[in-house]
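Numbering (my numbering), first residue to last: 14 to 555. All C-beta atoms, glycine included, are put in the ideal place defined by N, C-alpha and C.
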């Protein structure tokens with residue numbers, strides 16, 4: 014159950030040396046010319062599905078237009094473990110895509126180029142993004158106000174990551190209504206447990222409720238903490254490590270009495286057999302296979318997902334609907350849902366540059382090419398050409414995301430295979446909300462998530478919205494929080510699992526000592542650090 018704080022939080026400088034997986038040796042451009050083009054080296058930390066970048070036509074097209082030739086070093090696994098050796102050696106490629114974090118610029122001072130002057134002179138598309146969305150410039154800047162990594166903004170993603178999905182066919186079969194309170198949910202889940210809602214004659218093969226087991230760092234679309242909003246806690250940005258804002262104060266849900274009520278409710282459901290008994294041990298693969306079952310007979314009553322087709326497959330998805338937040342009880346008047354717009358639509362450090370790059374202007378112009386209006390949608394969804402077959406431009410000036418050319422692949426897999434997708438640098442303009450016709454998977458996801466509009470109405474950016482995406486910290490604070498968080502996570506995870514599964518544990522009696530142990534493990538110090546950063550962020554809001 015132990016969770017480790019992400020590698021970018023830790024200083025783990027390995028012995029300097031070549032990076033064999035990247036091809037090693039001379040990594041910076043020598044301003045070589047190839048048929049009049051500037052040769053640049055670039056490392057990309059890409060998705061494991063993404064094909065060889067040299068085979069992506071739109072990427073070749075923007076190299077041609079920018080007058081550069083890119084020698085790609087492509088990494089698809091274990092980059093966090095590999096990068097320490099490369100960065101410590103002082104030899105890095107001219108450009109790094111999706112490969113850096115704010116902490117790297119502090120830890121390896123002098124290794125990366127401050128891009129602010131280059132953006133001003135050579136990057137009209139990035140300047141446009143900063144002007145139209147000033148928060149992207151805030152995201153780009155370090156605590157000292159310098160820009161080493163350019164972010165992305167994608168406009169068209171929803172405000173919610175993980176929808177709560179319930180089997181409407183099962184509800185109809187048992188003449189039940191969509192639950193609106195925890196008590197009603199318990200009654201529905203017990204009925205799912207006992208009354209053979211899938212109608213196959215086996216009353217024991219249904220799983221009333223299941224989810225992923227990551228309480229601390231969260232797992233987005235499969236996350237049980239999405240339900241915590243039923244107590245009035247407004248989680249945001251997938252609530253990293255349980256932090257949230259309330260009345261402009263940074264708090265942590267894991268020491269909040271509303272969380273105590275929530276874990277008591279989960280324990281009640283678990284002891285009733287309404288939650289999968291494997292929920293704390295199953296990996297994602299097992300979780301997904303249980304939800305998809307045999308593709309014909311549904312096994313799961315309620316769970317969470319980015320989109321129903323992704324979780325249940327095309328054969329079963331029609332049985333499920335997304336439902337609004339389930340309130341603890343009728344006394345809760347400020348029920349909310351996890352607001353993930355910032356985490357889904359803003360991504361920091363999509364591309365950085367080596368300070369040793371010999372042709373910085375050419376490199377900057379190439380970076381800026383990704384942020385062109387038409388190029389940006391191709392970065393995300395695939396090329397607008399006969400080879401990539403990702404997007405079609407219509408005669409009326411709109412753009413349409415095409416279905417997979419390979420009918421054996423779902424839209425998500427097709428996208429990640431054929432382009433940089435969400436990992437790439439881009440600026441999807443707000444106008445694309447009207448001018449870009451999305452694929453069936455995204456249309457379905459947006460429709461499902463529309464049920465949360467009322468749950469999100471009470472969000473106030475200045476009082477109860479904690480956007481971790483925009484928080485800035487010194488290296489000292491990063492190191493302090495990392496050490497503290499590892500200790501906090503151990504206590505929270507182990508205690509949550511024990512409270513949920515062991516009926517002999519008295520949660521009420523243990524609560525005060527548990528809270529004190531979490532505070533003593535470093536949470537009190539982390540809250541102080543985060544409060545300071547949060548207040549500095551608030552000063553950037555208009």
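{"Item": "Return the chain-ordered list of same chain residues with a C-beta closer than 6 Å to the C-beta of residue 308, the five sequence neighbours on each side being excluded.", "Value": "326 and 328"}
{"Item": "Quick test of the definition: if touching needs 3 or more C-beta pairs under 8 Å, does the segment 258 to 275 touch the segment 219 to 227?", "Value": "no"}
{"Item": "Considering Cα atoms alone, identify which of 56, 519, 428 and 265 is closest to residue 92.", "Value": "56"}
{"Item": "Does the Cβ of residue 437 have 16 or more other Cβ atoms within 10 Å, making it buried, or fewer, making it exposed?", "Value": "buried"}
{"Item": "Report, in whole angstroms, the separation of the C-beta atoms of residue 242 and residue 344, which I expect to be a contact under 8 Å.", "Value": "About 15 Å separates the two Cβ atoms, so there is no contact after all."}
{"Item": "Excluding sequence positions up to five away, which residues of its chain have a Cβ less than 7 Å from the Cβ of residue 118?", "Value": "125, 155 and 161"}
{"Item": "Given this structure, state the Cα-to-Cα distance separating residue 505 from residue 281, to the nearest angstrom.", "Value": "19 Å"}
{"Item": "Going by DSSP, name the residue or residues bridged to residue 183.", "Value": "Looking at the DSSP assignment, residue 183 forms no beta bridge with any residue, so it has no partner."}
{"Item": "Going straight from the alpha carbon of residue 35 to that of residue 142, what length do you get?", "Value": "Interpretation of residue 35 is limited by its pLDDT of 38, a score under 50 that renders its predicted location unreliable; the figure taken from the coordinates is listed afterwards. Rounded to whole angstroms, residue 35 to residue 142 spans 32 Å at the Cα level."}
{"Item": "Give me the Cβ distance between residue 108 and residue 376, rounded to the nearest whole Å; I'm assuming they're in contact under 8 Å.", "Value": "6 Å"}
{"Item": "For residue 362, which of 111, 51, 208 and 67 has the nearest alpha-carbon?", "Value": "111"}
{"Item": "Taking the alpha carbon of residue 164 as the reference point, which residue from 219, 147, 171 and 263 has its own alpha carbon closest?", "Value": "147"}
{"Item": "Apart from the five residues on each side of it in sequence, which residues of its chain come closer than 8 Å, Cβ to Cβ, to residue 368?", "Value": "123, 124, 125 and 126"}
{"Item": "Reducing DSSP to helix, strand and coil, say where residue 85 ends up.", "Value": "strand"}
{"Item": "Is residue 554 buried or exposed, if buried means 16 or more other CB atoms sit within 10 Å of its CB?", "Value": "exposed"}
{"Item": "Which whole-angstrom value is the C-beta distance of residue 129 and residue 159, which I expect to be below 8 Å?", "Value": "7 Å"}
{"Item": "With a cut-off of 8 Å, do at least 3 Cβ pairs link the segment 385 to 394 to the segment 424 to 440?", "Value": "yes"}
{"Item": "If you draw a straight line from the alpha carbon of residue 106 to that of residue 310, how long is it in whole angstroms?", "Value": "52 Å"}
{"Item": "How would you write the range of the beta strand (DSSP E) that residue 312 sits in, first residue to last?", "Value": "Segment: none, residue 312 is in no beta strand (DSSP E) and carries neither H nor E."}
{"Item": "One question on the structure: do residue 452 and residue 394 come within less than 9 Å of each other, judged by their Cβ atoms?", "Value": "yes"}
{"Item": "Buried or exposed: which applies to residue 86, given that a residue is buried once 16 or more other Cβ atoms fall within 10 Å of its Cβ?", "Value": "buried"}
{"Item": "Pairs of beta-carbons, one from the segment 407 to 417 and one from the segment 443 to 459, closer than 8 Å: are there three or more?", "Value": "yes"}
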